[in-house]
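Which chain is which? The protein sequence lines are C and U, in order.
So the first sequence is numbered by this note's numbering: it starts at 1 and just counts up by one.
So the second sequence is numbered by this note's numbering: it starts at 1001 and just counts up by one.
A virtual CB, placed ideally from N, CA and C, is assigned to each residue, including glycine.
Keep in mind that this is a model prediction, so the values were computed, not measured.
Contents: one structure, followed by commentary.
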Amino acid sequence: MKTIWYYLLILCCIGTISSCEKDDICVEGNTPLLIVRFYDETDTTQTKAVSNLTIQGVGNELLFPVASADSIAIPLKTLENSTAFTLTLNGASTDTTVVKNPDTVTFTYTVKEVFISRACGYIANFTNINASVTSDSDNWIKQIIIQQQNVENETSAHIKIYH
Amino acid sequence: MKHQRILKYIINLLVFALPLLNVAQTSQDTLVYKERYGLRIGIDVSKPVRAFFDDDYTGLEVVGDIRISKRFYLAGELGTEQKTTQEDLFNFTSKGSYFKVGLDYNTYENWYGMENSIYTGLRISASTFSQELNSYSFFTDTPYWQEPQEAGNNPDLLREFKNLNALWAEAVFGLKAEMFNNLYFGASIRLHYLISDKASDEFPNLWIPGFNKVTLSNNFGVSFNYTVSYFIPLYKKEKN
Chain C
1 MKTIWYYLLI LCCIGTISSC EKDDICVEGN TPLLIVRFYD ETDTTQTKAV SNLTIQGVGN
61 ELLFPVASAD SIAIPLKTLE NSTAFTLTLN GASTDTTVVK NPDTVTFTYT VKEVFISRAC
121 GYIANFTNIN ASVTSDSDNW IKQIIIQQQN VENETSAHIK IYH
Chain U
1001 MKHQRILKYI INLLVFALPL LNVAQTSQDT LVYKERYGLR IGIDVSKPVR AFFDDDYTGL
1061 EVVGDIRISK RFYLAGELGT EQKTTQEDLF NFTSKGSYFK VGLDYNTYEN WYGMENSIYT
1121 GLRISASTFS QELNSYSFFT DTPYWQEPQE AGNNPDLLRE FKNLNALWAE AVFGLKAEMF
1181 NNLYFGASIR LHYLISDKAS DEFPNLWIPG FNKVTLSNNF GVSFNYTVSY FIPLYKKEKN
C-alpha cells in the first residue's frame, strides 16, 4: 500500500512540473514604433515643437494620437514595405485664421520577422529605413535625417525632422 | 588358493560398490518453479483513439520489451506522430518519428504463477521531425494599420522547416498486468528532460513527436501511454 502513495506523489510532481509555463499573454516583446523627433532647422541641436500637429496615415481614415509636440511614435505597416503619413502643421488648431499645412512623408523599409515566444509569436523589425518628403507648394518640413537605419526598439529617435 | 583369491576379489568389488548405493537415495523429488522469459510486443492504443477524436492529430506507437533478468527488462518504443497546433497568433504542424530505448525495473514481487509488473525505468529518446508554419500574424499593441490577426505573407516563413531533431531522457513509471493468457495491458507516465534539439533559425521547436509540447522556459515535458501487448515466451529460468 505504501508504494501506491509513493507513485501518487511522483504523479503529482510530474503534473506540477509539466504545467509550469509562463502565462499565455505576450509580455516579452512588441513590434516597435518609429520614433520621430522634430528639430529647429536653424539651430540643429535644439528640438522644436510642431504647433497643433496632427498625424494621419495615408490610406487610413483615423488620426493617430500625438505623443508630444516635439517627439512622436508612429506605427509602420508590417505587411507592406512602405508607409506614408500626412503630418499637418496646425492641423489641430481651432483658430480659423491659421492655415493648415499638410506635408506627406513616405518611409520605405524591409520587414524582418522576429520570433519572440509561444504567446507572442512574431513581431516585426524594420530594417534599412528610408524617408522622403513629397514636394508641394509649401513644405514646412525642410529636412529629414535617418538617425537609426534599423527600427528594433523604442529607446531613441530613428528619424530627425528639421523645420 | 584360487578360491581365496576369487573371494577377495568379490569382497573388494562389493566394498567399493557400496558408495554407489548413495546415489540412488538422493533422487530429486522437489518441484522447481521456473519463470518464463520472453519478448513482449504491443501498441499504444491511446494514440489511435486520440487520432479518431482529434482532427489535428495522428499517431502510432509500437512498444516492446524483453526480460533480461529477474527484475530487469530491456524496453523500447517506436512511433510516429503528426500534430497541428493553433496558438494565439500562429498555426503550425509538426510531424516526424521517434525512437526510445532503455531499461525497466520491476518493483513488484510477483506471487507464483503471476507475471505482473509495476515498474520504473529510464529511456534515452531521439526524434527527427519537421515543422511547418501554416499561418502567422504580427503582434503589436498599436493596431492602427491592420485588424489584429491579419495574416503575414512572407513565403520564407510560411514553409516547412525540415531536418529538425531532438534528444531527450525520460523517467518512466508504469505497470503491466496480464489480463488474459499472454496478453498484457499496461499504462505508463513519463517525465522528459530535453538534452538537445536542432531548430531552424526562424522558428523554434514547439512540439516534438514523442516529447509533446516544448515549453521554452524549461526543458521538461510529460507524456503517457496505454498499451496492449502480447507475450512471446522464449525460454524458462529458475525463479531464485
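Against chain C, does residue i count as a neighbour if the rule is that its beta carbon must be under 9 Å from one of theirs?
i: E1150/U; result: yes
i: L1153/U; result: Reading off the sequence, residue 1153/U comes out as Asn, not Leu. By this cut-off, N1153/U is an interface position.
i: D1141/U; result: yes
i: S1137/U; result: yes
i: E1077/U; result: no
i: E1202/U; result: yes
i: E1087/U; result: yes
i: L1216/U; result: yes
i: W1111/U; result: no
i: F1211/U; result: no
i: L1074/U; result: no
Quick check on DSSP: helix, strand or coil for residue i?
i: Y1144/U; result: coil
i: A1051/U; result: helix
i: L8/C; result: helix
i: S1046/U; result: helix
i: F1016/U; result: helix
i: R1123/U; result: strand
i: Y1108/U; result: coil
i: Q958/U; result: Residue 958/U lies beyond the stretch modelled for chain U, which goes from 1001 to 1240, so this question has no answer here.
i: Y1033/U; result: coil
i: I25/C; result: coil
i: I1010/U; result: helix
For residue i, I'd like the list of residues in its chain whose CB is within less than 7 Å of its CB, leaving aside the five on either flank, ordered along the chain.
i: D1056/U; result: K1083 and T1084
i: L1234/U; result: Y1037, G1038 and L1039
i: V72/C; result: Note that residue 72/C is Ile in the sequence shown here, rather than Val. V36, I55 and V66.
i: R1071/U; result: Y1105 and N1106
i: S82/C; result: T106, F107 and T108
i: A1051/U; result: Y1057, T1058 and G1059
i: N153/C; result: P32
i: D164/C; result: Any answer about residue 164/C is impossible in this case: the structure gives chain C only from 1 up to 163.
Of all Cβ atoms in chain U, is any one closer than 9 Å to the Cβ of residue i?
i: S105/C; result: Here residue 105/C turns out to be Val, not Ser, going by the sequence shown. For V105/C, the answer is no, since every Cβ of chain U falls outside 9 Å of its Cβ.
i: E113/C; result: yes
i: G29/C; result: yes
i: L76/C; result: yes
i: L33/C; result: yes
i: G91/C; result: no
i: T186/C; result: This structure leaves residue 186/C out entirely; chain C is present only between 1 and 163.
i: I129/C; result: no
i: L87/C; result: no
i: T24/C; result: In the sequence under discussion, the amino acid at residue 24/C is Asp, which differs from the Thr named in the question. Yes, D24/C lies at the interface with chain U (some Cβ there is under 9 Å from its Cβ).
i: Y119/C; result: The question names Tyr, but residue 119/C in the sequence shown is Ala. Closer than 9 Å: yes.
Please identify the residue among the options whose C-alpha is closest to the C-alpha of residue i.
i: V151/C; options: S135/C, T97/C and P75/C; result: P75/C
i: F115/C; options: N1181/U, G1152/U, D1197/U and K1237/U; result: G1152/U
i: N128/C; options: Q147/C, K142/C and Q143/C; result: Q147/C
i: V111/C; options: Y6/C, D24/C, C26/C and P32/C; result: P32/C
i: C120/C; options: V133/C, V66/C and N30/C; result: N30/C
i: C26/C; options: A92/C, S117/C and N60/C; result: S117/C
i: E1035/U; options: Y1112/U, A1169/U, Q1086/U and F1185/U; result: Y1112/U
i: Q149/C; options: K142/C, I141/C and K160/C; result: K160/C
i: K1162/U; options: L1133/U, G1064/U, F1138/U and K1070/U; result: L1133/U
i: L89/C; options: Y162/C, N81/C and A157/C; result: Y162/C
i: T155/C; options: L34/C, L8/C and C12/C; result: L34/C
i: N1110/U; options: Y1033/U, I1006/U and R1190/U; result: Y1033/U
i: P1143/U; options: N125/C, T78/C and T94/C; result: T78/C
i: D136/C; options: S93/C, D103/C and A84/C; result: D103/C
i: R1067/U; options: R1005/U, S1200/U, E1115/U and A1169/U; result: E1115/U
i: W1168/U; options: S1196/U, Q1004/U and N1218/U; result: S1196/U
i: E80/C; options: I1011/U, L1031/U and N1154/U; result: N1154/U
Leaving out five residues before and five after residue i in sequence, what residues of the same chain have Cβ atoms less than 8 Å from its Cβ?
i: D138/C; result: N101
i: S1046/U; result: F1224, N1225 and Y1226
i: Y1230/U; result: R1040, I1041, G1042, N1182, L1183 and Y1184
i: F1203/U; result: F1092, Q1131, L1133, L1157 and F1161
I believe residue i touches residue j by the beta-carbon criterion, under 8 Å. Please report the beta-carbon distance rounded to the nearest angstrom.
i: G1210/U; j: S1117/U; result: The Cβ separation is near 23 Å, so there is no contact.
i: G1079/U; j: V1062/U; result: 7 Å
i: L1103/U; j: G1121/U; result: 6 Å
i: K1095/U; j: E1081/U; result: 7 Å
i: Y1098/U; j: S1127/U; result: 4 Å
i: R37/C; j: T47/C; result: 6 Å
i: I1232/U; j: A1166/U; result: Their Cβ separation, rounded to whole angstroms, is 32 Å, which puts I1232/U and A1166/U out of contact at 8 Å.
i: L1164/U; j: S1130/U; result: 6 Å
i: I141/C; j: V133/C; result: 5 Å
i: A1307/U; j: L1175/U; result: With chain U represented from 1001 up to 1240, any question about residue 1307/U goes unanswered, as that position is not in the structure.
i: F1173/U; j: I10/C; result: 6 Å
i: A131/C; j: I144/C; result: 5 Å
i: A69/C; j: V99/C; result: Their Cβ separation, rounded to whole angstroms, is 19 Å, which puts A69/C and V99/C out of contact at 8 Å.
Compute the minimum distance between the beta carbon of residue i and the heavy atoms of the ligand PLP, and state whether it is under 8 Å.
i: L1133/U; result: Ligands in the displayed structure: none, and consequently the ligand PLP is not present.
With a CB to CB cut of under 6 Å and the five nearest residues on each side skipped, what residues in its chain are close to residue i?
i: G1221/U; result: H1192, F1211 and N1212
i: Q56/C; result: L63 and T86
i: S1135/U; result: N1091 and A1151
i: L1089/U; result: S1137 and F1139
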